[in-house]
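Data block below; observations after.
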Amino acid sequence: MIPFDPFSQAPTVLFWLFVMATLVLFVIAVTRDYTHFFFRRAERIERLKRGLPPESKKTTGFTCLRGNAKEGFSVVRFANGNVYRGYYHKGRKHGQGLFIWRDGRRYEGEWRNGRMNGVGVMSFPLGSRYVGQFVNDKKQGSGVYHWANGGVYEGEFHNNLRHGLGVYVSPEGKRFAGIWRDDAWVGRQSERLVK
86 MIPFDPFSQA PTVLFWLFVM ATLVLFVIAV TRDYTHFFFR RAERIERLKR GLPPESKKTT
146 GFTCLRGNAK EGFSVVRFAN GNVYRGYYHK GRKHGQGLFI WRDGRRYEGE WRNGRMNGVG
206 VMSFPLGSRY VGQFVNDKKQ GSGVYHWANG GVYEGEFHNN LRHGLGVYVS PEGKRFAGIW
266 RDDAWVGRQS ERLVK
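Shown next, in the form of structure tokens:
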């Protein structure tokens with residue numbers, strides 16, 4: 086029996102390692118991004134499962150999954166994970182749209198000049214919800230706020246705060262109707278139970 090000599094096979098092994106390394110480097114050079122090459126098929130399948138187009142156009146700070154984020158309808162994923170599905174005009178959100186923050190908040194409604202302006206619905210991850218008017222990304226005008234604990238306020242808002250005429254019904258059924266200033270009730274208190 087001939088003893089095993091690990092160095093007798095070394096030239097052949099080194100040759101094939103060199104060939105494999107060269108092929109890998111060639112593939113990387115051609116695709117210019119090895120992750121794109123190796124995960125492209127899986128990414129396409131995942132995007133199709135989520136109902137998104139298989140390809141996307143990259144731009145600075147966000148990725149256009151559909152459209153061009155300049156005019157008309159677009160679907161955009163921002164670098165921080167937020168997503169916008171809606172209309173653009175002159176490169177700004179404008180018209181109807183849905184914005185989903187990565188923390189779970191959602192706004193669906195009107196946009197003007199890149200801001201929430203008009204009537205919309207803002208939902209929060211723990212179950213609270215606001216339906217009403219927005220001006221420059223803030224609750225302003227008439228609206229209804231439903232808290233997750235069952236409390237409801239219907240009335241006027243200013244600068245994201247209850248401000249003006251409004252009615253708050255607590256989870257226990259107590260009713261506070263009257264004037265509100267800077268999120269505090271200052272009108273007459275009526276503690277009758279609401280059925």
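Numbering (my numbering), first residue to last: 86 to 280.
For every residue, glycine included, the Cβ atom is placed at its ideal position computed from N, Cα and C.
Keep in mind that this is a model prediction, so the values were computed, not measured.
- With respect to the 7 angstroms criterion, alanine 233 and leucine 211 are classified as neighbours on the basis of their beta carbons.
- By the criterion of a C-beta distance shorter than 7 angstroms, asparagine 202 is surrounded in its chain by Glu195, Trp196, Phe219, Val220 and Asn221, once the five residues flanking it on both sides are discounted.
- By the beta-carbon neighbour count (other beta carbons within 10 angstroms, threshold 16), valine 161 is buried.
- For serine 213, there is no enclosing beta strand (DSSP E), as DSSP marks it with neither H nor E.
- Each of Glu193, Arg200, Gly226 and Asn198 was checked against the Cα of arginine 214, and the nearest Cα belongs to Glu193.
- It is roughly 12 angstroms from the alpha-carbon of isoleucine 264 to the alpha-carbon of glutamate 239.
- Contact between asparagine 165 and arginine 187 holds: CB atoms are separated by about 6 angstroms, below the 8 angstroms threshold.
- In the structure shown, the three-state DSSP call for phenylalanine 158 is strand.
- Distances from the alpha-carbon of leucine 183 to those of Thr107, Phe103 and Tyr169 put Tyr169 closest.
- Within the model, the alpha-carbon separation for glycine 258 versus isoleucine 185 is close to 32 angstroms.
- In the structure shown, alanine 164 adopts coil according to DSSP, grouped into three states.
- According to DSSP, valine 104 shares a beta bridge with no other residue.
- Here asparagine 153 is not near arginine 177, since their CB atoms are 7 angstroms or more apart.
- Using a 10 angstroms sphere on the CB of methionine 207, the tally of other CB atoms reaches 16 or more, which defines it as buried.
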